[in-house]
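Residue numbers (our numbering), protein chains in the order written: chain A, 1 to 450; chain B, 451 to 670.
C-beta: ideal position from N, C-alpha, C; glycine also.
Bear in mind the structure is a predicted one, so any value in this text is a computation, not a measurement.
A quick write-up on the structure given underneath.
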C-alpha cells in the first residue's frame, strides 16, 4: 500500500514538474501603422508590459513564455492567422473585429472573444476622406463622377458608405477601388487619385506632410470609431491569467500615454516611423483618441450597426454579440489593479463638449515644449513671433474645428475673422465672413500687431 | 454502372502516362498562365517569393481546431509558396500569386477530368461513334472556366489582401465592391464547373457503353 502511494505521489510530482516546465507561446498580431491600436500593440511590446504582468505563480511557476509580436497593415491577415492557430491575440479596428468574430462563429469548433478596447472617438474622428492638397474638391458631394480609393472593408470604408447615404449620394456614381493606406497616401501625394478615405492616422499624415487636405472627417458621420482586442477562446480558457495580464498591460499603456503625451508621441515616432506631430494629434489632451479599455454598451450598439453594413455589402455571416463579447478579463484586470471598472464604464468623452473647455490652441516648440494659448489669435501671433526667431523653432501648431470639435493641424485649418474673434474650421465652407488660411492669418495678425 | 466504371478504369490504365502528363501539365500551365497574365496586366515582373512551412501550418491547425470540418476549411487556405511584386518603397506586395496545396490539388483534379474527357472523345472518334464532340468540348470549356476562375489564388492590393478568386474578376474590370459581394459564391461556382465536367464524362461514357464500343483497343 505504501509503495502504491509512493508511486502515485511520484507520478503527480513528475506531472506537475512537466507542466510547470511548459513553454507557453503567446503570438500577437498588431498594427504599428494604426494609432488607435498602440495601447494593445506597439506600446505594450516596446515597454515589455505583457512580460511585467504575466503570471508567475501557481500553475505558471517555472513556465517559459515566448512572446511573438507580428505587425500587419490591416486586420484581415490577423484574422486569417488567428484561424490557423498562429496568433492567439489580435488587435484591430471595429470593422475587422466584427469580421473576426463572424468568421470564427461560422466555424463549428472555434471562437474568439472581444475582451478589451484600446481607445475610441465618440463622433468617429480618425477616419476621414482626403483629397490632393491643390484639388478643387471641397465636399463629398463633389466626388460624384470621381475616382476614390480606400481599404475596402475597413472602418473608413464603412464611414464613406454612411456619409454617402446621409447626404443622398449614390455610391455607384463614385468609382471606388480598394487601396492600402501607404499606396493610397502616395497616390494622393502624386495626384493620381481624386480622393482617398482611410483610418487613423493616415489622413493626418497626409495633412502634416502637406500632400492632402481633409474634406470629410469621420465625426461628421457621427458614429463612434473604436478599436479593440480579440483572443482565441481555446487560449483564453486554458490561460485566463494571460488574458488578464494582457488587459492589465493595455491599462498600463494607456496610463503611460496620459502621463506624458509628448514623451509618448516622441517614443512612438521612434517605434513606428509615424511623425511625432501626428502622434500628438491623437494622444494629447483634447486629441482624436480617448484611451479607455472598457467595453461600453454604446460600443456594442455601434458594432451591431457596423455588422449590418458588412452583412449588406460583403455578405458577412451572422455574429452573436452576447457570445462574442466577454469583459471578464478586463474587469478582472481593473479589480487586480485596484481600479473601478463600473466607474470607468460610465465615462464617455464627447470631443465637442470636452474640447470646448480647454485651451483652444497649442504650439509644440522645439525647445520650450507644448505652449498652450487662451485664444486662436494669441497662438497665431505667437507663431509669427516664434518663427521669426528661427525657421525650425516650431514642430507644429494645433487648433480645434469649431464644427466638430476635432483637434487638427493649424496649417491646414481655415480661419474665420469676426471682429476680434478668430475661429478655426476644418472646412472653408463652414466658415463665413472673412476667411483666411493659416499663412494669411499669420500675416494679417502680424500686420495688426505692429 | 459497373460496365461504365470498368471501361473508364481500362481507359485510364492503358493511357496512364498520357493521363498523368496531361493532368500535371495542365496544373503547371494553369499557374504559369496566372503568373504571366498578372505580370503582363501590371507590367511588373515578380520580384519576390516566399516559402511557407505548410506542414507546420497543417500541424498547428489540426492541433488547435476541434472539428474536422473546420480543420478542412482552414487548411485549404494555408499557402506553401507566394510569388509576386513587392513595392519596395512601401514594403507592400502590390500583387502576388499564392500556391495553396489544397487548391493546387483541385486544379490537378480539374486536369484529370479534362484529360479523361479528351480520352473519351478520342476513343469515340477512333471507334467511329462520334458522340456530340462539339457539345462536349463546349461544356468542358465552360466547366474549366468556372472551376478555373473559382480556384484563382491571387492577391491584389487594390482588391483583396488575402488570396481570393474574385481578384481575377477585379483584374478583368469588375468593381471591387461587386467582386467582394460575390466572393462567398466561390464554392458554388467551383461546384458548377465540376458539375459540368462530371456530367460530360458520365454522358460520354454512357454513350460509348450504350453503342457497345467499350470492347477492343482502348489505347488512343
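### Task
Go through its chain and collect everything with a Cβ distance to residue 586 of chain B's Cβ below 7 Å, but skip five positions before and after it.
By 1-based counting over the second chain, the position of residue 586 of chain B is 136. For residue 586 of chain B, the CB contacts under 7 Å within the same chain, skipping 5 residues up- and downstream, are 567, 571, 650, 654 in chain order.
### Message
Counting only Cβ pairs nearer than 7 Å, list the residues of chain B close to residue 144 of chain A.
### Response
Your numbering for residue 144 of chain A matches position 144 in the first chain. Correct list: empty, because the minimum Cβ distance to chain B is about 16 Å.
### Task
Note down the Cα distance separating residue 93 of chain A from residue 152 of chain A, rounded to an integer number of angstroms.
Here the question's residue 93 of chain A lines up with position 93 in the first chain. Here the question's residue 152 of chain A lines up with position 152 in the first chain. Cα to Cα, residue 93 of chain A sits roughly 13 Å from residue 152 of chain A.
### Task
Determine the chain B residues that contact residue 84 of chain A at a beta-carbon separation under 7 Å, and present them in chain order.
Looking up residue 84 of chain A in the first chain gives position 84. Here the neighbours are 507, 510, 511, 524, 528.
### Query
chain A partners of residue 517 of chain B, CB-CB under 9 Å?
Residue mapping note: residue 517 of chain B aligns to position 67 of the second chain, counting from 1. In chain order: 107, 108, 109, 110.
### Message
Looking at the secondary structure, which residues open and close the beta strand (DSSP E) in which residue 408 of chain A lies?
### Response
Mapped onto the first chain, residue 408 of chain A falls at position 408. Element bounds for residue 408 of chain A: 407-409.
### Proximity to residue 322 of chain A [Cα-Cα], best of A:98, A:89, A:126
Here residue 322 of chain A refers to the residue found at position 322 of the first chain. Checked all of A:98, A:89, A:126; the closest Cα to residue 322 of chain A is A:98.
### Query
So, using beta-carbon positions, are residue 23 of chain A and residue 181 of chain A closer together than 8 Å?
Position 23 of the first chain, counted from the start, is the residue given in the question as residue 23 of chain A. Position 181 of the first chain, counted from the start, is the residue given in the question as residue 181 of chain A. Contact: no.
### Query
Does the beta carbon of residue 94 of chain A come closer than 8 Å to any beta carbon on chain B?
Against the first chain, residue 94 of chain A aligns to sequence position 94. Residue 94 of chain A does not count as touching chain B.
### Query
Ends of the alpha helix (DSSP H) at residue 348 of chain A?
Your numbering for residue 348 of chain A matches position 348 in the first chain. Where residue 348 of chain A is concerned, there is no enclosing alpha helix (DSSP H), given that its DSSP letter is neither H nor E.
### Task
Name, please, each residue of chain A whose Cβ falls closer than 7 Å to the Cβ of residue 514 of chain B.
Here residue 514 of chain B corresponds to residue number 64 of the second chain, with the count starting at 1. Within 7 Å Cβ-Cβ: 85, 234.
### Query
Just to confirm, are residue 112 of chain A and residue 82 of chain A a CB contact at a threshold of 8 Å?
Sequence index remark: in the first chain, residue 112 of chain A carries index 112 (1-based). Sequence index remark: in the first chain, residue 82 of chain A carries index 82 (1-based). Result yes, Cβ atoms of residue 112 of chain A and residue 82 of chain A sit closer than 8 Å.
### Message
Can you tell me whether residue 60 of chain A is helix, strand or coil according to DSSP?
### Response
Within the first chain, the letter at position 60 stands for residue 60 of chain A. The answer is helix: DSSP assigns residue 60 of chain A an H, G or I state.
### Touching by the beta-carbon criterion (3+ pairs, under 8 Å), the stretch 585-602 of chain B and the stretch 629-648 of chain B
These segments touch.
### Message
With DSSP as the reference, identify every bridge partner of residue 441 of chain A, one or two as the case may be.
### Response
Counting from one through the first chain, the residue named residue 441 of chain A turns up at place 441. DSSP lists no partner for residue 441 of chain A.
### Task
Please name the residue, chosen from B:575, B:464, B:488, that lies closest to residue 617 of chain B on a Cα-to-Cα basis.
The count along the second chain starts at 1 and reaches residue 617 of chain B at position 167. Residue 617 of chain B has its Cα closest to that of B:488, out of B:575, B:464, B:488.
### Opening and closing residue of the beta strand (DSSP E) in which residue 488 of chain A lies
Only positions 1 to 450 of chain A appear in the structure, and residue 488 of chain A is not among them; the question remains open.
### Message
For the pair the stretch 412-428 of chain A and the stretch 387-403 of chain A, tell me if three or more CB-CB distances fall below 8 Å.
### Response
Under the Cβ criterion (8 Å, minimum of three pairs), the stretch 412-428 of chain A counts as touching the stretch 387-403 of chain A.
### Task
Counting only runs of 3+ residues fully inside the stretch 173-254 of chain A, write out the beta strand (DSSP E) ranges in chain order.
Fully enclosed beta strand (DSSP E) runs of 3 or longer: 175-178, 195-198, 212-217, 225-232.
### Query
Whole-angstrom Cβ separation of residue 493 of chain B and residue 85 of chain A, contact assumed at under 8 Å?
What you label residue 493 of chain B is simply residue 43 of the second chain in a count that begins at 1. What you label residue 85 of chain A is simply residue 85 of the first chain in a count that begins at 1. Contact between residue 493 of chain B and residue 85 of chain A does not hold, since the beta-carbon distance rounds to 39 Å and is not under 8 Å.
### Message
Among the candidates A:138, A:314, A:235, whose CA atom is the shortest distance from the CA of residue 516 of chain B?
### Response
Working through the second chain from its first residue, we reach residue 516 of chain B at position 66. Taking each of A:138, A:314, A:235 in turn and checking the Cα distance to residue 516 of chain B, the smallest one comes out for A:235.
### Query
Residues of chain B with CB under 8 Å from residue 314 of chain A, in chain order?
Counting from 1 along the first chain, the entry for residue 314 of chain A is found at position 314. Ordered by position in chain B, the residues that pass the 8 Å Cβ test against residue 314 of chain A are 630, 631, 633.
### Query
So the beta strand (DSSP E) residue 545 of chain B belongs to, where does it begin and stop?
Locating residue 545 of chain B in the second chain gives position 95, counting from the first residue. Where residue 545 of chain B is concerned, the enclosing beta strand (DSSP E) stretches over 542-549.
### Message
If I measure Cβ to Cβ from residue 327 of chain A and keep anything under 6 Å in the same chain, skipping five residues before and after, which residues do I get?
### Response
In the first chain, counting from the first residue as 1, residue 327 of chain A sits at position 327. Correct list, in chain order: 295.
### Query
Since residue 607 of chain B meets chain A, which of its residues come closer than 7 Å, beta carbon to beta carbon?
Locating residue 607 of chain B in the second chain gives position 157, counting from the first residue. Neighbours of residue 607 of chain B on chain A, chain order: 179, 180, 183.
### Task
Give me the Cα-Cα distance between residue 633 of chain B and residue 588 of chain B, rounded to the nearest whole angstrom.
Looking up residue 633 of chain B in the second chain gives position 183. Looking up residue 588 of chain B in the second chain gives position 138. Residue 633 of chain B and residue 588 of chain B: Cα-Cα distance of roughly 26 Å.
### Query
Can you tell which of A:313, A:285, A:171 has the C-alpha that lies nearest to the C-alpha of residue 355 of chain A?
Numbered from its first residue, the first chain carries residue 355 of chain A at position 355. Relative to the Cα of residue 355 of chain A, the nearest Cα in the group A:313, A:285, A:171 belongs to A:285.
#### Entry: Anticipated Cβ contact below 8 Å, residue 150 of chain A with residue 125 of chain A, distance rounded
For this step, residue 150 of chain A is matched to residue 150 along the first chain. For this step, residue 125 of chain A is matched to residue 125 along the first chain. Actually they are not in contact, since the Cβ atoms of residue 150 of chain A and residue 125 of chain A sit about 16 Å apart, beyond 8 Å.
### Task
Would you decide whether residue 310 of chain A is buried or exposed? Buried here means 16 or more other CB atoms lie within 10 Å of its CB.
Locating residue 310 of chain A in the first chain gives position 310, counting from the first residue. By the beta-carbon neighbour count (other beta carbons within 10 angstroms, threshold 16), residue 310 of chain A is buried.
### Task
Going by DSSP, name the residue or residues bridged to residue 69 of chain A.
As a position in the first chain, residue 69 of chain A is number 69, starting the count at 1. BP columns for residue 69 of chain A point to A:28.
### Query
Just the Cα atoms here: how many angstroms apart are residue 575 of chain B and residue 661 of chain B?
Position 125 of the second chain, counting from 1, holds the residue named residue 575 of chain B. Position 211 of the second chain, counting from 1, holds the residue named residue 661 of chain B. In this structure, the straight-line span from the alpha carbon of residue 575 of chain B to that of residue 661 of chain B is close to 13 Å.
### Query
Comparing alpha-carbon positions, which option in A:246, A:247, A:226, A:339 lies nearest residue 301 of chain A?
If you number the first chain from 1, residue 301 of chain A lands on position 301. In terms of CA proximity to residue 301 of chain A, A:226 leads the group A:246, A:247, A:226, A:339.
### Message
One question on the structure: do residue 495 of chain B and residue 569 of chain B come within less than 8 Å of each other, judged by their Cβ atoms?
### Response
For the purposes of this step, residue 495 of chain B is taken as residue 45 along the second chain, with counting starting at 1. For the purposes of this step, residue 569 of chain B is taken as residue 119 along the second chain, with counting starting at 1. No, the pair does not count as a contact, with Cβ atoms beyond the cut-off.
### Query
Which of helix, strand or coil does DSSP assign to residue 495 of chain B?
Indexing the second chain from 1 puts residue 495 of chain B at position 45. Coil.
### Task
Determine whether the Cβ of residue 438 of chain A lies closer than 8 Å to any Cβ atom of chain B.
Taking the first chain and counting its residues from 1, the one referred to as residue 438 of chain A is at position 438. Not an interface residue.
### Query
What's the call for residue 252 of chain A, buried or exposed, on a 16-neighbour Cβ count within 10 Å?
Taking the first chain and counting its residues from 1, the one referred to as residue 252 of chain A is at position 252. Burial of residue 252 of chain A is indicated by the presence of at least 16 other C-beta atoms within 10 angstroms of its C-beta.
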